[in-house]
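Every letter in the sequence shown is one number past the one before it in the numbering used here, and letter 23, counting from 1, is 20. Some notes on the structure that comes next.
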Amino acid sequence: MWQMLQEITLGNVRHFYKSLFWSSVSEMVNFAGIFIVFVFCAKFLAPYLGGSAPSIFELWVICAIGFVYMAISFLVAIPAYKNNYVSAYEQSASGRLNLAEHIRRLPLGFLERSNPARLSHSLMKDFSNLETANSHLLPQMFGALVVSFVVFIALVCYHWQMALSFFLCVPLAFIILVCVRKLAKYLSDKHLSAILNASNHLNEYIDGIATIKAHNMAGEKFARLEKAFENLRKESIRIEVGLMPFALAVLSCMGAGVGIMVLVGREFLLNGDLSVIEYLGFILIGSKAFVPLLTFSINFLELQYFSRSEKNIRELLGEPQMSGSDTQIPKGNEIVLKNISFGYEKDAPVLKNISLAIPERSSVAIVGKSGSGKSTLVKLIARFYDMDRGVIEIGDAKNGYKNIASLEPEALMKKFSMVFQDVYLFANSVESNVAFGRENADKGEILNALKKASALEFVEALPEGEKTPVGEGGSSLSGGEKQRISIARCIIKDSPIVLLDEITSSLDVYNEFAMQQAINELARDKSVIIIAHKLKSIISCDKIVLLDNGEIKECGTHEELLKQNGFYKKMWEEESKGA
-2 MWQMLQEITL GNVRHFYKSL FWSSVSEMVN FAGIFIVFVF CAKFLAPYLG GSAPSIFELW
58 VICAIGFVYM AISFLVAIPA YKNNYVSAYE QSASGRLNLA EHIRRLPLGF LERSNPARLS
118 HSLMKDFSNL ETANSHLLPQ MFGALVVSFV VFIALVCYHW QMALSFFLCV PLAFIILVCV
178 RKLAKYLSDK HLSAILNASN HLNEYIDGIA TIKAHNMAGE KFARLEKAFE NLRKESIRIE
238 VGLMPFALAV LSCMGAGVGI MVLVGREFLL NGDLSVIEYL GFILIGSKAF VPLLTFSINF
298 LELQYFSRSE KNIRELLGEP QMSGSDTQIP KGNEIVLKNI SFGYEKDAPV LKNISLAIPE
358 RSSVAIVGKS GSGKSTLVKL IARFYDMDRG VIEIGDAKNG YKNIASLEPE ALMKKFSMVF
418 QDVYLFANSV ESNVAFGREN ADKGEILNAL KKASALEFVE ALPEGEKTPV GEGGSSLSGG
478 EKQRISIARC IIKDSPIVLL DEITSSLDVY NEFAMQQAIN ELARDKSVII IAHKLKSIIS
538 CDKIVLLDNG EIKECGTHEE LLKQNGFYKK MWEEESKGA
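Below, the structure is given as structure tokens:
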């Protein structure tokens, strides 16, 4: 039981002590109502069983007790409700924020390779499951356990034979629950995995609906989605059918106690050891005591289902955050790569022994064929990942250099502005998306950034200007427009180092010209590292680095590389012929 509390509360059992206490008090008060009903019935049945009728005073006393009981029930319900529900929801909200903050501090490489559906499932559904467990299941279980124990002690003190007859089958029910726990966890894991898998494929289906329709794969022809839903159907049936026999067995054991008590009580009644009123009282109390026992059993099985949510959350919280605590960022912006090697998979290096110096306020282009490691190199510089070997340092000779792995990640990111080919805009206004680069930016600064990014003209033509919502992911804008908004965001951030990843490789002539103007404005007095497929756009760079199979094969200016008669010259000639 303690282990289960630790799991469901994520180790914060102490936060639920008050909840468990008030839930127990509330359950006890609720159960006490049956005794008032019993006394009321006993008084009114007394004349028919050879006793005297209740006096007017006794009736008033019973009524007064009833009103006092209702008042106590109300007063107890308030702290019970507050500590059960409000406390559970507050803990859940705090847990969501803590997990979101933890995810924010994870390496960007982890987020790139993670399934977004899994992350959103943990933040929303898993915490929702824990809310249910902490606000309903756990308090109800604990209260039911306390009530059952108190009732058992009370009945034993009054008539131990009748008490034992009622609780005779309870140990058997608990044995069944303990034995079925592992099966319940196994089936729950399979069912929740099927839900997550179906959610993943549904998101994929919705995101790619245009492609699916274009290739006539909609509906039943999209086999993976169909298979995922079929698997979910099977697992849903499997968990219900698999646990149903055990649930019925537990229900039978609990219910059998009432039947056994009726039969045993009949013998005591016939032998004169119990009065009719006492006999009816035991049946009435036994029927009521059956409910908390049943509640405990049902909630116990449900908690096995919800414990998987706790496991999912703990797995995410167990992911190591980016190391580095030094908030003193070097003043200089020179970047030095020293013998770095990196691979996404073990024994499969993508970059091998890369050494490169990028002077401050210089422009460096990284070129090479697809799969040569260009994007990976840029991601390592921005510390999306940590290297397998080697170091990347930032600073200058005057003020010194620091290993980027030793720097606090958020402080390091202030050094970088990034514009990628796949731009993401939030479902907010143009103004809000630009201000994301610097939250305290005023309207004048935002409009100036849009102007420098060659975006002000099309933004002013929008229905509400810079106040116009852009839709989820910037769905209402073209690719070139989204990229210029992204550049405006970087301009307003005003970081000293700019990373550009192939942003002009798929634009039309007009957007490419506008984009080039925006890039020139962004790169003014900055260190610029750019990846481009079109060599003509980077011929003026101070340094061009040619990567091949994860290694630097050629390095120099455009003219120097042409004179080397190497692979760069071949790429240049092929591009010139294509033009």
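Yeah, the Cβ is synthetic: ideal placement off N, Cα and C, and Gly gets one too. Remember, it's a predicted structure, so these values are computed and weren't measured experimentally.
Could you give the C-beta distance for residue i and residue j, rounded to a whole number, given that I count them as a contact under 8 Å?
| i | j | result |
| --- | --- | --- |
| residue 51 | residue 61 | With 8 Å as the limit, residue 51 and residue 61 do not qualify as a contact, their Cβ atoms being about 14 Å apart. |
| residue 524 | residue 357 | 6 Å |
| residue 226 | residue 195 | 6 Å |
| residue 582 | residue 23 | The structure shown does not extend to residue 582, since the chain spans only -2 to 576, so no value can be given for it. |
| residue 526 | residue 389 | 12 Å between Cβ atoms; not a contact. |
| residue 653 | residue 36 | Outside the displayed range of the chain (-2 to 576) lies residue 653, so it cannot be described from this structure. |
| residue 528 | residue 371 | 5 Å |
Between which two residues does the alpha helix (DSSP H) containing residue i stretch?
| i | result |
| --- | --- |
| residue 256 | 220 to 267 |
| residue 432 | 427 to 432 |
| residue 84 | 84 to 101 |
| residue 67 | 53 to 78 |
| residue 606 | The structure shown does not extend to residue 606, since the chain is modelled only from -2 through 576, so no value can be given for it. |
| residue 435 | It is not in any alpha helix (DSSP H) - residue 435 carries neither H nor E in the DSSP assignment. |
| residue 456 | 453 to 457 |
| residue 121 | It is not in any alpha helix (DSSP H) - residue 121 carries neither H nor E in the DSSP assignment. |
| residue 110 | 105 to 110 |
| residue 449 | 440 to 449 |
| residue 409 | 406 to 410 |
If you follow the beta strand (DSSP E) that residue i is part of, which residue opens it and which one closes it?
| i | result |
| --- | --- |
| residue 162 | Taken as a continuous stretch (DSSP letters only), residue 162 belongs to no beta strand (DSSP E), being part of the alpha helix (DSSP H) at 135 to 163. |
| residue 578 | Here the chain has residues from -2 to 576 only, and residue 578 is not among them. |
| residue 14 | Element bounds for residue 14: not the beta strand (DSSP E) but the alpha helix (DSSP H), 14 to 42. |
| residue 186 | Run containing residue 186: none in the beta strand (DSSP E); it sits in the alpha helix (DSSP H), 167 to 204. |
| residue 326 | Neither: residue 326 is in no beta strand (DSSP E) and is coded neither H nor E. |
| residue 349 | 348 to 355 |
| residue 417 | 413 to 417 |
Here's the rule: buried if 16 or more other CB atoms are within 10 angstroms of the residue's CB, otherwise exposed. What is residue i?
| i | result |
| --- | --- |
| residue 143 | buried |
| residue 328 | exposed |
| residue 204 | exposed |
| residue 289 | buried |
| residue -1 | Since pLDDT at residue -1 reaches only 49, below the 50 mark, its modelled position is unreliable, and the value read off the structure follows with that caveat. With fewer than 16 Cβ atoms within 10 Å of its Cβ, residue -1 is classed as exposed. |
| residue 28 | buried |
| residue 72 | exposed |
| residue 154 | exposed |
| residue 480 | buried |
| residue 463 | buried |
| residue 522 | exposed |
| residue 571 | exposed |
| residue 401 | buried |
| residue 1 | With a pLDDT of 49 at residue 1, under the threshold of 50, the modelled position of that residue is not reliable, and the figure given next carries that caveat. By the 10 Å Cβ count, residue 1 comes out buried. |
| residue 267 | exposed |
| residue 487 | buried |
| residue 482 | buried |
| residue 657 | The chain is shown from -2 up to 576; residue 657 falls before or after that span and cannot be answered. |
| residue 19 | buried |
| residue 404 | buried |
| residue 232 | buried |
| residue 573 | exposed |
| residue 375 | buried |
| residue 14 | exposed |
| residue 123 | buried |
| residue 325 | exposed |
**OP:** Say whether the region 293 to 306 touches the region 273 to 285, bearing in mind that this needs 3 or more beta-carbon pairs closer than 8 Å, one atom from each stretch.
**Re:** no
Subject >> Any 3 or more C-beta pairs closer than 8 Å across the region 235 to 242 and the region 182 to 196 >> reply: Yes: at least three Cβ pairs fall under 8 Å.
Original post:
Taking contact to mean at least 3 C-beta pairs separated by less than 8 Å, is the region 410 to 418 in contact with the region 477 to 493?
Top reply: yes
Subject >> Given 8 Å, three or more beta-carbon pairs between the region 361 to 370 and the region 537 to 546 >> reply: yes
Subject >> Length-filtered (3 minimum) beta strand (DSSP E) runs lying within the region 460 to 528 >> reply: 494 to 498 and 524 to 528
Subject >> Within the region 273 to 322, ranges of the alpha helix (DSSP H) (whole runs, at least 4 residues) >> reply: 273 to 314
Original post:
Which runs of the beta strand (DSSP E), 3 residues or longer, sit entirely within the region 527 to 562?
Top reply: 540 to 545 and 548 to 553
**OP:** Write down every uninterrupted run of the beta strand (DSSP E) in the region 365 to 404 whose length is 3 residues or greater and which is fully enclosed by it, in chain order.
**Re:** 386 to 393 and 397 to 400
**OP:** Evaluate the contact criterion for the region 390 to 405 versus the region 421 to 433: three or more CB pairs, one atom per stretch, below 8 Å.
**Re:** At 8 Å Cβ cutoff, the stretches do not touch.
Original post:
Are the region 382 to 392 and the region 338 to 350 touching by the rule of at least three beta carbon pairs closer than 8 Å?
Top reply: They touch, by the three-pair rule.
**OP:** Give a yes or no on contact between the region 96 to 106 and the region 255 to 267, applying the rule of three or more CB pairs nearer than 8 Å.
**Re:** no
Original post:
Using 8 Å as the threshold, is the region 298 to 313 in touch with the region 127 to 138, meaning 3 or more CB pairs across them?
Top reply: yes
Original post:
For the region 312 to 319 against the region 95 to 102, are there 3 or more C-beta pairs whose distance is under 8 Å?
Top reply: yes
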